[in-house]
Amino acid sequence: MPFAPEALPDQRSSPLPIEAPKGWWRHPPLWIGAGPLLLFLLLAAADLAVAKQFTNEGKLLASNLLGGLWQWMVVALFVIAIALAVSPIGRLRLGGAEAQPSLKFFDWCAVLICTLLAGGGVFWSAAEPLFHFQTPAPYFKGVEGSTAAAVDPALAVSFLHWGFLAWALVATTVTITLSIRERRGEPLRPRTLLVGLVPRSMVDGPIGDLADGLSVVAAIAGTVGPLGFLSLQLSNAAGQLPGLSDSAGLQSLVVVLLTAVFATSTVSGIQRGIKWLSELNVWLTLIMAAGLLLLGPGLWLTRHFFTAFGTYLLNLPQMALASNEGAQGSWLNGWTVFYWGWFLGYAPLMGLFTAGVSRGRSLRELVLAVAILCPLVTNLWFTLLGGTGMALELATAGSISGPLGDNGAAAALLAILGQLPMAWLLIPVGLLLVVLFMATSADSMSYAAAMVVSGKSEPALLLRLFWALMIGSLTLVLLRIGSGVGDSTSIDALQAFIVITAVPVTPLVLTTLWSAPRLAWKEARQQGTNT
12 MPFAPEALPD
22 QRSSPLPIEA
32 PKGWWRHPPL
42 WIGAGPLLLF
52 LLLAAADLAV
62 AKQFTNEGKL
72 LASNLLGGLW
82 QWMVVALFVI
92 AIALAVSPIG
102 RLRLGGAEAQ
112 PSLKFFDWCA
122 VLICTLLAGG
132 GVFWSAAEPL
142 FHFQTPAPYF
152 KGVEGSTAAA
162 VDPALAVSFL
172 HWGFLAWALV
182 ATTVTITLSI
192 RERRGEPLRP
202 RTLLVGLVPR
212 SMVDGPIGDL
222 ADGLSVVAAI
232 AGTVGPLGFL
242 SLQLSNAAGQ
252 LPGLSDSAGL
262 QSLVVVLLTA
272 VFATSTVSGI
282 QRGIKWLSEL
292 NVWLTLIMAA
302 GLLLLGPGLW
312 LTRHFFTAFG
322 TYLLNLPQMA
332 LASNEGAQGS
342 WLNGWTVFYW
352 GWFLGYAPLM
362 GLFTAGVSRG
372 RSLRELVLAV
382 AILCPLVTNL
392 WFTLLGGTGM
402 ALELATAGSI
412 SGPLGDNGAA
422 AALLAILGQL
432 PMAWLLIPVG
442 LLLVVLFMAT
452 SADSMSYAAA
462 MVVSGKSEPA
472 LLLRLFWALM
482 IGSLTLVLLR
492 IGSGVGDSTS
502 IDALQAFIVI
512 TAVPVTPLVL
522 TTLWSAPRLA
532 WKEARQQGTN
542 T
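Take any residue in the sequence shown, note its place counting from 1, add 11, and you have its number in the numbering used here.
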């Protein structure tokens with residue numbers, strides 16, 4: 012999740028006493044956030060089998076208890092956001108009536124797309140449609156896998172997980188609540204979501220510390236996932252070079268090297284470098300998209316984008332609110348519930364980021380960009396990459412499914428790009444995208460976590476380094492839970508860890524179902540925009 016610290020206000024000017032004169036290591040949110048992660052690292056060091064059992068059982072418990080709630084919550088957040096946008100309240104200007112945008116609309120949307128698509132989108136855009144293509148989701152009974160009839164359903168399910176509902180979850184009602192509260196003098200920290208709901212002494216005290224700390228836990232876990240996924244991709248690619256093989260040792264080496272890269276960038280605090288890398292991400296993504304469209308089955312991809320999108324809209328209610336029971340419940344827990352847990356964990360810190368870069372934008376513009384335009388671009392990206400993989404598989408059975416079966420989801424990207432014309436160019440661009448998205452995501456999240464737990468816009472160097480090393484260490488441990496290269500165990504462990512850490516963040520995001528429309532209505536009355 013690329014995070015632009017310079018886009019956020021200097022929280023040291025906040026009227027709240029968020030920065031006491033004491034060492035950075037004595038802030039309660041730091042140890043509330045770091046404590047569970049350190050305990051897990053110690054557990055894994057003592058007994059990796061117990062750590063594996065913990066992640067598996069924890070994910071199952073969280074999915075069964077909260078999966079249904081998350082499904083309804085995601086739908087409710089989207090409906091509320093759209094309702095606010097189309098109402099007269101949609102003219103409300105975030106940051107105040109006189110606030111002006113600091114970014115052009117295109118640049119603003121590009122920054123938002125980079126934040127969520129990030130490493131996870133690069134990884135799953137190649138692999139997820141192929142999985143649903145081989146084994147259609149339970150919503151599409153009678154559709155035979157690995158056939159032309161399975162293409163649109165596969166893309167439709169991918170659109171569900173990376174479309175309107177997902178984006179609305181991370182950056183609409185949370186962003187609206189934080190933006191209005193920040194204008195009223197509150198700091199851009201997760202605890203601000205509790206203002207007006209619990210006594211001020213609790214917001215400034217242990218409850219606020221708990222909200223900040225646990226939000227950092229969930230966001231760090233959400234960053235560990237993409238770093239692990241992309242490390243698997245890079246290891247798979249490096250393993251095809253002469254003299255190397257995709258092994259546990261190579262995977263660990265990749266993680267160590269990448270951790271060194273983003274840890275160095277994090278402690279340097281060079282914001283212009285982060286911004287430059289994010290812009291480079293956008294241009295490389297556009298180059299890759301153009302290459303897939305021109306060198307791959309362009310007309311076929313264009314047609315299936317529209318037909319799959321129609322399938323998605325037609326089946327959206329059924330897919331979004333499917334019953335989480337029986338065999339279908341198992342599928343939901345493995346896919347949809349996992350995604351909602353992942354994005355839910357990101358929501359507080361993503362909401363902070365979006366509020367920071369969206370000052371001067373109307374509420375209607377926010378919802379249009381976050382819940383409509385960005386999802387459409389993301390869905391197009393999934394069509395170009397995942398759709399190309401399905402087209403290649405239909406043309407030559409086994410060309411993509413073979414590497415996918417042998418080496419797991421991490422092999423999908425290279426298998427697709429390797430069969431296209433000018434593969435010698437597309438493969439390096441694709442791998443560079445992987446590295447850049449990973450670096451900006453982990454770098455920015457380390458910085459953001461340090462900001463939240465310290466309450467400072469420029470947190471201490473050692474604190475930034477601490478979170479960077481925490482991300483790298485957790486990634487190493489979770490990858491080592493895997494029993495072998497090519498199996499799904501490592502990815503399962505990463506997914507399980509993400510879902511578990513999303514549980515304590517759930518109440519924070521739930522509060523925005525009430526606070527966002529209430530605050531927006533009051534703010535619109537003051538600005539005179541609700542008539």
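C-beta atoms are modelled at their ideal positions from N, C-alpha and C, and glycine is treated no differently.
Worksheet item: Hey, A92 and T183 are a contact pair by Cβ (cut 8 Å); roughly how many whole angstroms apart?
Response: Numbered from its first residue, the sequence shown carries residue 92 at position 81. Numbered from its first residue, the sequence shown carries residue 183 at position 172. The Cβ separation is near 4 Å, so the contact holds.
Item to complete: Return the Cβ separation of L624 and A422 in integer angstroms, given the expectation that the two are a contact with Cβ distance under 8 Å.
Response: Since the first residue shown for the chain is 12 and the last is 542, residue 624 is missing from the structure and cannot be characterised.
Fill in: Inter-residue Cα distance where the pair is E534 and Q262
Here residue 534 refers to the residue found at position 523 of the sequence shown. Here residue 262 refers to the residue found at position 251 of the sequence shown. So the alpha carbons of these two residues sit roughly 51 Å apart.
Discussion item. In chain order, what are the residue ranges of uninterrupted alpha helix (DSSP H) at least 4 long that sit wholly in the stretch 89-152?
Written reply: 116-145
Worksheet item: Just curious, the alpha helix (DSSP H) that N7 is in, first and last residue?
Response: The first residue shown for the chain is 12 and the last is 542, placing residue 7 beyond what the model contains.
Worksheet item: How would you label F393, buried or exposed, when you count the other beta carbons within 10 angstroms and need 16 or more for buried?
Response: Mapped onto the sequence shown, residue 393 falls at position 382. Buried, since its Cβ has 16 or more Cβ neighbours within 10 Å.
Worksheet item: What is the residue span of the alpha helix (DSSP H) that M481 lies within?
Response: Indexing the sequence shown from 1 puts residue 481 at position 470. First-last of the alpha helix (DSSP H) with M481: 472-491.
Item to complete: Find the nearest neighbour of G236 within the set G539, W532, V516, V510, judged by alpha-carbon distance.
Response: Within the sequence shown, residue 236 is the residue found at index 225, counting from 1. Measuring from the Cα of G236, the nearest candidate turns out to be V510.
Worksheet item: Who are the near neighbours of A531 in its chain, counting only those whose CB is closer than 8 Å to its CB and skipping five residues on each side?
Response: On the sequence shown, position 520 is the one that residue 531 refers to. Cβ within range, chain order: L95, I100, L103, I187, I191, L374.
Practice prompt. Report the partner residues of S373 according to the DSSP bridge assignment.
Written response: Your numbering for residue 373 matches position 362 in the sequence shown. DSSP, once it has assigned bridges, lists R104 as partnering S373.
Practice prompt. Apply the 10 Å Cβ neighbour rule to E404 and answer buried if 16 or more other Cβ atoms are within range, or exposed otherwise.
Written response: Counted from its first residue, the sequence shown places residue 404 at position 393. It counts as buried.
Worksheet entry | Nearest to N75 (by Cα), restricted to the options V488, W178, N335 | By 1-based counting over the sequence shown, the position of residue 75 is 64. It is N335 whose Cα lies nearest to the Cα of N75.
Worksheet entry | Through-space distance from A160 to V168, alpha-carbon basis | Walking along the sequence shown from the start, residue 168 turns up at place 157. Walking along the sequence shown from the start, residue 160 turns up at place 149. Using only the alpha carbons, I get a separation of about 14 Å.
Worksheet item: Are A165 and P140 closer than 8 Å when you measure CB to CB?
Response: As a working mapping, residue 165 is identified with position 154 in the sequence shown. As a working mapping, residue 140 is identified with position 129 in the sequence shown. The answer is yes: Cβ separation under 8 Å.
Worksheet item: The alpha helix (DSSP H) spanning L442 covers which residue range?
Response: As a first step, residue 442 must be located in the sequence shown, where it is residue number 431. 434-465 is the span of the alpha helix (DSSP H), which, as asked, contains L442.
Worksheet entry | Residue(s) in a DSSP beta bridge with V568 | Nothing about residue 568 can be reported from this structure: the residues present for the chain run from 12 to 542 only.
Worksheet item: Counting pairs of beta carbons, one from the stretch 453-464 and one from the stretch 300-311, are three or more of them closer than 8 Å?
Response: no
Worksheet item: Among residues of its own chain, excluding the 5 on either side of L355, which ones have a beta-carbon nearer than 7 Å to its beta-carbon?
Response: Residue numbering aside, residue 355 sits at position 344 when the sequence shown is read from its first letter. W81, L180, A513, V516, T517, V520.
Item to complete: Take the Cβ of V61 as the centre, count every other Cβ of all protein chains shown within 10 Å, and call the residue buried at 16 or more, exposed below.
Response: As a first step, residue 61 must be located in the sequence shown, where it is residue number 50. By the C-beta density criterion, V61 is exposed, having fewer than 16 other C-beta atoms within 10 angstroms.
Practice prompt. Check whether the Cβ atoms of R194 and G107 sit closer than 8 Å, and answer yes or no.
Written response: The residue given as residue 194 occupies position 183 in the sequence shown. The residue given as residue 107 occupies position 96 in the sequence shown. Closer than 8 Å, so yes.
Worksheet item: What's the C-alpha gap between G371 and L50?
Response: Within the sequence shown, the letter at position 360 stands for residue 371. Within the sequence shown, the letter at position 39 stands for residue 50. The alpha-carbon atoms of G371 and L50 are separated by roughly 42 Å.
Practice prompt. Would you kindly report the start and end of the unbroken alpha helix (DSSP H) that includes G163?
Written response: For the purposes of this step, residue 163 is taken as the residue at position 152 of the sequence shown. A quick correction: the sequence has Asp, not Gly, at residue 163. Note, D163: alpha helix (DSSP H), 162-173.
Worksheet item: Helix, strand or coil: how does DSSP classify R195 here?
Response: To locate residue 195, count along the sequence shown from 1; it is residue 184. DSSP, reduced to helix, strand and coil, places R195 outside both helices and strands of the structure shown, so it counts as coil.
Worksheet item: Among the residues of its own chain, which have a CB less than 8 Å from the CB of W83, if the five just before and after it don't count?
Response: By 1-based counting over the sequence shown, the position of residue 83 is 72. If we look at W83 and ignore the five residues flanking it on each side, its Cβ neighbours are L332.
Worksheet entry | Pairwise C-alpha distance: W178 and D163 | For the purposes of this step, residue 163 is taken as residue 152 along the sequence shown, with counting starting at 1. For the purposes of this step, residue 178 is taken as residue 167 along the sequence shown, with counting starting at 1. Spanning the two alpha carbons is a distance of roughly 21 Å.
Discussion item. For D223, report the span of its alpha helix (DSSP H) as first-last.
Written reply: Here residue 223 corresponds to residue number 212 of the sequence shown, with the count starting at 1. Looking at the DSSP string, the run of the alpha helix (DSSP H) that includes D223 is 217-249.
Worksheet entry | Run of the alpha helix (DSSP H) containing N335, from where it starts to where it stops | Against the sequence shown, residue 335 aligns to sequence position 324. Here N335 belongs to no alpha helix (DSSP H), and DSSP marks it neither H nor E.
Worksheet item: Do you know how far the Cα of G340 is from the Cα of L77?
Response: Here residue 77 corresponds to residue number 66 of the sequence shown, with the count starting at 1. Here residue 340 corresponds to residue number 329 of the sequence shown, with the count starting at 1. For L77 and G340, the distance between alpha carbons rounds to 12 Å.
Practice prompt. State the CB to CB distance for the pair I482 and A507, rounded to an integer number of angstroms; the pair is presumed to be in contact (CB under 8 Å).
Written response: The residue given as residue 482 occupies position 471 in the sequence shown. The residue given as residue 507 occupies position 496 in the sequence shown. Between I482 and A507, the beta carbon gap of about 17 Å keeps them out of contact (Cβ cut-off 8 Å).
Worksheet item: When the Cα atoms are used, what is the spatial distance from P439 to T158?
Response: In the sequence shown, counting from the first residue as 1, residue 439 sits at position 428. In the sequence shown, counting from the first residue as 1, residue 158 sits at position 147. Answer to the nearest angstrom: the Cα atoms are 30 Å apart.
Item to complete: State whether the stretch 40-56 contacts the stretch 217-224, with contact taken as three or more CB pairs (one from each stretch) at a distance under 8 Å.
Response: yes
Worksheet entry | Nonlocal neighbours in the same chain, by C-beta distance under 6 Å from V228, ignoring five residues either side | Here residue 228 refers to the residue found at position 217 of the sequence shown. Only G44, P47, T512 meet the Cβ criterion.
Discussion item. Could you compute how far the alpha carbon of Y397 sits from the alpha carbon of L424?
Written reply: Sequence index remark: in the sequence shown, residue 397 carries index 386 (1-based). Sequence index remark: in the sequence shown, residue 424 carries index 413 (1-based). Here the sequence assigns Gly to residue 397, which means Tyr is not the residue at that position. C-alpha separation (whole angstroms): 9 Å.
Worksheet item: Quick one: Cα of V265 to Cα of S242, how far?
Response: Along the sequence shown, one-based indexing puts residue 265 at 254. Along the sequence shown, one-based indexing puts residue 242 at 231. If I take the Cα positions, the gap works out to 6 Å.
Item to complete: Go ahead and label M330 buried or exposed: buried means 16 or more other beta carbons lie within 10 angstroms of its beta carbon, across all protein chains shown.
Response: Taking the sequence shown and counting its residues from 1, the one referred to as residue 330 is at position 319. The residue is buried, with at least 16 neighbouring Cβ atoms inside 10 Å.
Worksheet item: Given that a residue counts as buried once 16 or more other Cβ atoms are within 10 Å of its Cβ, and exposed if not, what is R529?
Response: Within the sequence shown, numbered from 1, the residue matching residue 529 stands at position 518. Answer is exposed; the Cβ neighbour count stays below 16.
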